[in-house]
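These notes concern the structure reproduced below.
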Amino acid sequence: MRTRNLGSVLMVFLTGCSAHLDPLDGPISIFDIKPQVFTYTELNSTQDILWEKARRHIMSTYGKSQPILRVENKSRGALLGKGVIRWKISTSTSNTYCNSEYDVRFMSRDNKARLQLLLLPNVSGDSECDNLGLPSKYGYEQILNKFEFMSNNLELALTTQSKI
């Protein structure tokens, strides 16, 4: 009898706690992370011009430290690097923000280019979220929206007629 009462109390307590959690506040799984690939076609520019426009856009938009370009290979039209992206931890009124790292891969060919952004599994140590390995579902949605915004801005830079 006593065990049943303790079990009932424990069940009510756990149900009460879980009822207040928003499903978006739970962490994503490693299997939820997919590369975000953006393809740009009909750009009417050579590989070298597209590479230079992308490099200049990345450096002017994000500064020297963010994202850090680790490989700049103009002859192959490749830019590879890492960046840091900021996201809010939950849907609640909490103002806790976290930083996550992501890979940047840009490839250009004559008249076309491709950008790939991939979230890396660890939350950056320079944020308020040191103990998290992966963002919340809410945080991941923010990251994907920011990736889309970054792609749109890069596409605008690639299609703008400017002299290099």
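Numbered continuously in my numbering, the sequence shown closes out at residue 183.
Where a beta carbon is used, it is the ideal one built from N, C-alpha and C, also for glycine.
For a quick check, are the C-beta atoms of residue i and residue j less than 9 Å apart?
| i | j | result |
| --- | --- | --- |
| L173 | H76 | yes |
| S155 | N141 | no |
| T60 | K131 | yes |
| A73 | L134 | yes |
| R128 | L69 | yes |
| C117 | L88 | no |
Would you identify the three-state DSSP class for residue i, choosing helix, strand or coil?
| i | result |
| --- | --- |
| D122 | strand |
| S181 | coil |
Drop a sphere of 10 angstroms on the beta-carbon of residue i, count the other beta-carbons inside from all chains shown, and report buried for 16 or more, exposed for fewer.
| i | result |
| --- | --- |
| K53 | exposed |
| M78 | exposed |
| G158 | buried |
| Q180 | exposed |
| F168 | exposed |
| F50 | exposed |
| G26 | Low confidence applies to G26: its pLDDT is 48, below 50, so where it sits in the model is not reliable, and the reading given next is rough at best. So G26 counts as exposed. |
| G96 | buried |
| S113 | exposed |
| S48 | exposed |
| S111 | exposed |
If you follow the alpha helix (DSSP H) that residue i is part of, which residue opens it and which one closes it?
| i | result |
| --- | --- |
| R74 | 66-81 |
| T16 | Here the chain covers residues 20 to 183 and nothing more, so residue 16 does not appear. |
Just reading off the beta strand (DSSP E) that residue i is part of, what are its end residues?
| i | result |
| --- | --- |
| T58 | 55-59 |
| I87 | 87-92 |
| L99 | 97-107 |
Would you grab the beta carbon distance between residue i and residue j for me? Rounded to a whole angstrom, and I think it's under 8 Å.
| i | j | result |
| --- | --- | --- |
| Y121 | L98 | At roughly 14 Å, the Cβ-Cβ gap does not stay under 8 Å, so Y121 and L98 are not in contact. |
| Q55 | L163 | 7 Å |
| K93 | D67 | 6 Å |
For chain B, find out if any of its Cβ atoms is closer than 9 Å to the Cβ of residue i; answer yes or no.
| i | result |
| --- | --- |
| P154 | In the displayed structure, chain B is absent; only one protein chain is listed. |
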